[in-house]
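Novice: Below: one structure in structure tokens.
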Amino acid sequence: MPELPEVETVRRGLERHLVGRRITHVEVGRERVVRRTSREALIDGLTNTVVVGAQRRGKYLIAPLDSGEALMVHLRMSGQLLLAAAGATRPSHTHVVLSLDDGSEAWFVDPRTFGEVVVFAPDRVAVELPSLAALGVDPIADDFPRTQLRAIVRSTGRALKPLLLDQHRIAGIGNIYADEILHAARLRPDRAANTIDAAATWRLHASIVATLDAAIRAGGSTLGDAQYVDLMGAGGSYQDQHRVYGRAGERCSTCGRGWIRRTISGGRSTHFCPVCQH
DNA sequence: AAGCACACCTGCTAGC
DNA sequence: TGCTAGCAGGTGTGCT
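Residue numbers for the first sequence, in numbering that gives the first Met the number 0: 0 to 277.
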């Protein structure tokens, strides 16, 4: 569910409401969400520590602790982090509860349990969280020179969409924003990456940065099922600016001529305008 | 070695 | 009303 803009919105909430708080108590319900280590490792690693930062790499949330370790949360498809008053009624699928020293609680809620919560040692990240260590450039958090995108695009004949989704190359773009970015860049999702020229590459670079920035400013995308909400439970509004995702069969609002088409590739739905995207 | 199919779960919706 | 099939924002594994 959440992609870079949604995770960044949650990160900003954590920066504001969690940093500086001491974790006084930890409860773990379903053990599956702490599968990378164990229930005991999470409880021992978090209890009586102070959260000293709130960072994001791609779709990973990282909160350094005063112990020198760090908390990592990945929301995957259906995870949520919510802040609530102690004693508030917890939604079903609340798997981890952190009690904080100001009387509030942070909840990790995740119906599908693809998400995970772990405490790790940052100096051993390559061993403890290899996929985090292997992430590519973060187009928002890092400097992202357009020459770097040029190198990535020229390195493979893969289609543009799976390339944008490859977290080892560029970190944070998911299924919704890949479609929106390619539409904004007027490039077909199935176009072979190494066939686009410099001008198209610069367009793609500008579209990545502009689309993600605009989505962050809108607080991310919350679809009809309201699965994505921020730390305070509020939805985003970028879904109102989607031009292709979820708009199959509608007239293209960009060129006014094409009809948005939906195809399946790699088991993921893909949306594009066959008229204005080449 | 890169790239692909499939697995991992639950809940919701559309269609019968 | 109630069943079932299909679909969902992501990534890890295991195969070619």
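Glycine included, each C-beta is placed from N, C-alpha and C at the ideal position.
Predicted model, so just to flag it, every value in this text is computed and none were measured.
So, do the region 139-151 and the region 107-123 have three or more beta carbon pairs nearer to each other than 8 angstroms?
Specialist: no
Novice: Can you give the Cα-Cα distance for residue 187 and residue 179, rounded to whole angstroms?
Specialist: Position 188 of the first sequence, counting from 1, holds the residue named residue 187. Position 180 of the first sequence, counting from 1, holds the residue named residue 179. C-alpha separation (whole angstroms): 11 angstroms.
Novice: Could you give the distance in angstroms between the alpha-carbon of residue 142 and the alpha-carbon of residue 206?
Specialist: Position 143 of the first sequence, counted from the start, is the residue given in the question as residue 142. Position 207 of the first sequence, counted from the start, is the residue given in the question as residue 206. The alpha-carbon atoms of residue 142 and residue 206 are separated by roughly 15 angstroms.
Novice: Would you identify the three-state DSSP class for residue 164, choosing helix, strand or coil?
Specialist: Position 165 of the first sequence, counted from the start, is the residue given in the question as residue 164. Helix at residue 164.
Novice: Tell me, which residues are paired with residue 107 by DSSP?
Specialist: Counting from 1 along the first sequence, the entry for residue 107 is found at position 108. DSSP output for residue 107 lists 80 and 95 as bridge partner(s).
Novice: Spatial neighbours of residue 73 within its chain, please: CB distance less than 6 angstroms, with the 5 preceding and 5 following residues excluded, ordered by chain position.
Specialist: Along the first sequence, one-based indexing puts residue 73 at 74. Excluding sequence neighbours, residue 73 sits near 59, 114 and 115.
Novice: Can residue 274 and residue 257 be called in contact, C-beta distance under 8 angstroms?
Specialist: The residue you call residue 274 lines up with position 275 of the first sequence. The residue you call residue 257 lines up with position 258 of the first sequence. Yes, these two residues count as a Cβ contact at 8 angstroms.
Novice: So what does DSSP say about residue 116, is it helix, strand or coil?
Specialist: As a working mapping, residue 116 is identified with position 117 in the first sequence. Correct three-state label for residue 116: strand.
Novice: Is residue 50 helix, strand or coil by DSSP?
Specialist: Here residue 50 corresponds to residue number 51 of the first sequence, with the count starting at 1. Correct three-state label for residue 50: strand.
Novice: Helix, strand or coil: how does DSSP classify residue 130 here?
Specialist: Counted from its first residue, the first sequence places residue 130 at position 131. It is helical.
Novice: In chain order, what residues of the same chain have a beta carbon less than 6 angstroms from the beta carbon of residue 75, not counting five sequence neighbours either side?
Specialist: Within the first sequence, residue 75 is the residue found at index 76, counting from 1. These residues qualify, in order along the chain: 113 and 114.
Novice: Answer yes if the region 1-18 comes into contact with the region 36-56, meaning at least three C-beta pairs across the two stretches below 8 angstroms, and no otherwise.
Specialist: yes
Novice: Using a 10 Å radius around the Cβ and a threshold of 16 neighbouring Cβ atoms, would you call residue 240 buried or exposed?
Specialist: Taking the first sequence and counting its residues from 1, the one referred to as residue 240 is at position 241. That one is exposed.
Novice: Residues bridged to residue 271 by DSSP?
Specialist: Counting from one through the first sequence, the residue named residue 271 turns up at place 272. Answer is 260, bridged to residue 271.
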